[in-house]
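Asks: Chains as they are written, first to last, in the working numbering: chain Y, 1 to 228; chain V, 1 to 228. Quick reminder that beta carbons are idealized off the backbone N, C-alpha and C, glycines included. Have a look at the structure that comes next, please.
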DNA sequence: GTCCTGGGTTCTGTATACAGAATGTCGATG
DNA sequence: CATCGACATTCTGTATACAGAACCCAGGAC
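Here you go:
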């Protein structure tokens with residue numbers, strides 16, 4: 001295993017993280033020399049990192065202005081969810097058909113006890129989101145489809161970015177956990193159609209919650225390059 | 001508009017074309033120096049091209065051996081179709097809801113008269129596949145979702161590669177055109193669910209045809225680096 | 001006052017040089 | 001005859017240098 005990570009990988013992961021965590025705001029211009037000196041790598045690996053970020057859709061080539069961090073409006077969140085509906089429904093359906101029942105039965109137990117996780121003093125909800133990530137991994141493993149997994153991976157990156165828009169309220173997290181529980185139960189029971197429907201329900205509720213918060217918290221964008 | 005294309009773009013498109021057209025067979029090793037000298041560009045833009053091909057899934061980093069053209073087995077075709085089912089169903093549904101009816105009515109007329117196209121002496125079926133490509137474009141425009149369009153674009157690239165596996169027989173093309181006609185009619189009539197179902201039918205038949213041909217023509221892979 | 005033009009600066013795109021790692025081969029030894 | 005090791009060759013990854021294009025600002029002309 002490569003102990004020494006490549007410089008292009010480091011630059012990619014760091015930039016990706018900064019974009020996802022909103023340290024680099026949408027619209028920020030990513031000059032090559034500026035970023036390469038800041039990250040301590042030369043321009044060649046930095047360009048490779050930027051190319052990967054473009055392929056992920058996190059960075060856009062704004063004509064003339066160079067590369068900028070992709071905007072994330074409510075409209076683009078709707079677009080992401082339209083793709084998510086399609087891919088996650090299919091993933092849940094296929095996982096129900098092919099998955100290792102034991103794995104999902106174990107997850108079932110953990111999601112049933114999720115309120116314990118949420119009661120802990122954990123502002124970032126690491127334990128909860130860790131559990132969700134393990135569900136994602138289990139679904140990927142069950143589906144065993146490289147193309148689907150790759151598409152979902154890109155979507156999930158964008159979704160972390162959405163998640164950081166505002167803090168989740170405990171009530172929503174508890175409801176989301178119940179929705180996840182139903183999905184896991186359906187997969188464990190090998191009920192493909194129920195798994196698909198439960199996924200649709202979950203995504204519908206998740207989107208509703210985002211839209212509600214977008215109304216309550218209408219202001220989030222603050223361009224990096226603003227007034228002097 | 002840039003009259004002079006970038007060297008990395010030229011390298012990307014040429015390699016992509018060669019892979020899709022099976023001039024570069026699956027498993028072919030793509031050495032950087034070898035390809036850069038062959039394509040007449042330096043290693044830097046070539047690496048950029050290879051990075052994009054990796055993001056597309058046309059090239060895989062085989063541990064140690066360097067970069068190779070991604071394998072395309074029947075199993076991976078099944079995987080592609082599982083993603084296709086999800087994305088194209090959603091695309092057809094959304095296009096039916098949002099599309100410009102006039103555009104799809106025009107396509108309806110053309111798909112109804114597709115037998116005229118197929119009767120021409122056109123071994124590559126350029127006219128027919130051109131029409132299908134215009135349908136794809138119309139759906140993309142109607143859906144108006146950058147994430148969905150990007151995911152579909154990658155899938156379509158892989159599908160062209162599948163298409164080149166064997167020559168389509170006229171009977172299948174005629175049947176496929178009828179299936180497309182139903183999809184277009186459903187979109188033009190703004191019947192989202194029928195459009196979704198018709199898409200599923202079309203994909204089912206297309207996959208069946210591929211599986212049938214895979215049995216009839218079992219041998220297609222011939223490694224580039226074989227016996228001396 | 002507005003528009004055009006010229007120069008300077010900065011940026012991207014490409015080529016090349018260099019270092020480290022990996023692989024394959026040849027020879028030697030058990 | 002097989003296996004292990006050392007060396008040579010090749011390849012990837014990174015840095016840097018160079019050229020062309022784009023942009024910005026200032027100055028002048030209408």
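Counting Cβ pairs, one atom from each stretch, are 3 or more of them under 8 Å apart for the region 125-134 of chain Y and the region 76-93 of chain Y?
Replies: No, the region 125-134 of chain Y is not in contact with the region 76-93 of chain Y.
Asks: Taking the C-alpha atoms as reference points, what is the distance between residue 221(Y) and residue 28(Y)?
Replies: For residue 221(Y), the predicted structure reports a pLDDT of 48, less than 50, and the residue's modelled location is therefore unreliable. The matter cannot be settled from this model.
Asks: Considering just the uninterrupted stretch of the beta strand (DSSP E) at residue 90(V), what are its terminal residues?
Replies: Element bounds for residue 90(V): not the beta strand (DSSP E) but the alpha helix (DSSP H), 74-98.
Asks: If you follow the beta strand (DSSP E) that residue 67(Y) is in, where does it begin and where does it stop?
Replies: Counting along the chain, the beta strand (DSSP E) containing residue 67(Y) begins and ends at 66-69.
Asks: Which same chain residues, not among the five before or five after residue 81(Y), have their C-beta less than 7 Å away from its C-beta?
Replies: Answer for residue 81(Y): 203 and 207, listed in chain order.
Asks: For residue 29(Y), write down the residues that DSSP places opposite it in a beta bridge.
Replies: DSSP output for residue 29(Y) lists 68(Y) as bridge partner(s).
Asks: What is the C-beta distance between residue 97(Y) and residue 192(Y), in whole angstroms, given that I count them as a contact (C-beta under 8 Å)?
Replies: Between residue 192(Y) and residue 97(Y) the Cβ distance is about 5 Å, and since that is below 8 Å, they are a contact.
Asks: Alpha carbons only, please: which of 53(V), 74(V) and 79(V) is nearest the one belonging to residue 68(V)?
Replies: Looking at the Cα atoms, 53(V) is the closest of the given residues.
Asks: Taking the CB atoms as reference points, tell me whether residue 166(V) and residue 57(Y) lie closer together than 9 Å.
Replies: Against a cut-off of 9 Å, the Cβ pair of residue 57(Y) and residue 166(V) comes out as no contact.
Asks: Just list the residues that DSSP pairs residue 59(Y) with in beta bridges.
Replies: Answer is 69(Y), bridged to residue 59(Y).
Asks: I need the DSSP call for residue 174(Y), collapsed to helix, strand or coil.
Replies: Reduced to three states, the DSSP call for residue 174(Y) is helix.
Asks: Could you work out which residues of chain V lie near residue 83(Y), taking near to mean beta carbons separated by less than 8 Å?
Replies: Simply 87, 90, 145, 147, 148 and 151.
Asks: Taking Cβ positions only, does residue 179(Y) come closer than 9 Å to chain V?
Replies: Cβ-Cβ to chain V under 9 Å: no for residue 179(Y).
Asks: So, are the CB atoms of residue 9(V) and residue 51(V) less than 9 Å apart?
Replies: Result no, Cβ atoms of residue 9(V) and residue 51(V) do not sit closer than 9 Å.
Asks: For residue 79(V), count neighbouring Cβ atoms within 10 angstroms of its own Cβ and tell me buried if that reaches 16, exposed if not.
Replies: Looking at its Cβ environment, which holds 16 or more other Cβ atoms inside 10 Å, residue 79(V) is buried.
Asks: Could you have a look at residue 165(Y) and say whether DSSP puts it in helix, strand or coil?
Replies: Reduced to three states, the DSSP call for residue 165(Y) is coil.
Asks: With 16 other CB atoms within 10 Å as the buried threshold, where does residue 88(V) fall?
Replies: Burial call: buried.
Asks: Should the region 180-188 of chain Y be regarded as contacting the region 99-116 of chain Y, the criterion being three or more beta carbon pairs within less than 8 Å?
Replies: Because the criterion of three Cβ pairs below 8 Å is met, the region 180-188 of chain Y and the region 99-116 of chain Y touch.
Asks: Pick helix, strand or coil for residue 209(V), following the three-state DSSP scheme.
Replies: If DSSP states are grouped into helix, strand and coil, residue 209(V) belongs with the helices.
Asks: Tell me the rounded alpha-carbon separation between residue 112(V) and residue 168(V).
Replies: Those two C-alpha atoms are separated by around 19 Å.
Asks: Using the Cα positions of residue 100(Y) and residue 76(V), report the straight-line distance between them to the nearest angstrom.
Replies: Cα to Cα, residue 100(Y) sits roughly 21 Å from residue 76(V).
Asks: By DSSP, does residue 135(Y) sit in helix, in strand, or in coil?
Replies: Looking at residue 135(Y) - three-state DSSP - the assignment turns out to be helix.
Asks: In this structure, how does DSSP classify residue 113(Y) when only helix, strand and coil are distinguished?
Replies: Coil, per DSSP.
Asks: Flag residue 61(Y) as yes if its beta-carbon sits less than 9 Å from any beta-carbon of chain V, otherwise no.
Replies: Output row for residue 61(Y): interface = no.
Asks: Is the CB-CB distance between residue 177(Y) and residue 118(Y) below 9 Å?
Replies: Going by C-beta atoms, residue 177(Y) is nearer than 9 Å to residue 118(Y).
Asks: So, is the C-beta of residue 55(Y) closer than 9 Å to a C-beta in chain V?
Replies: Yes - at least one Cβ of chain V is within 9 Å of the one on residue 55(Y).
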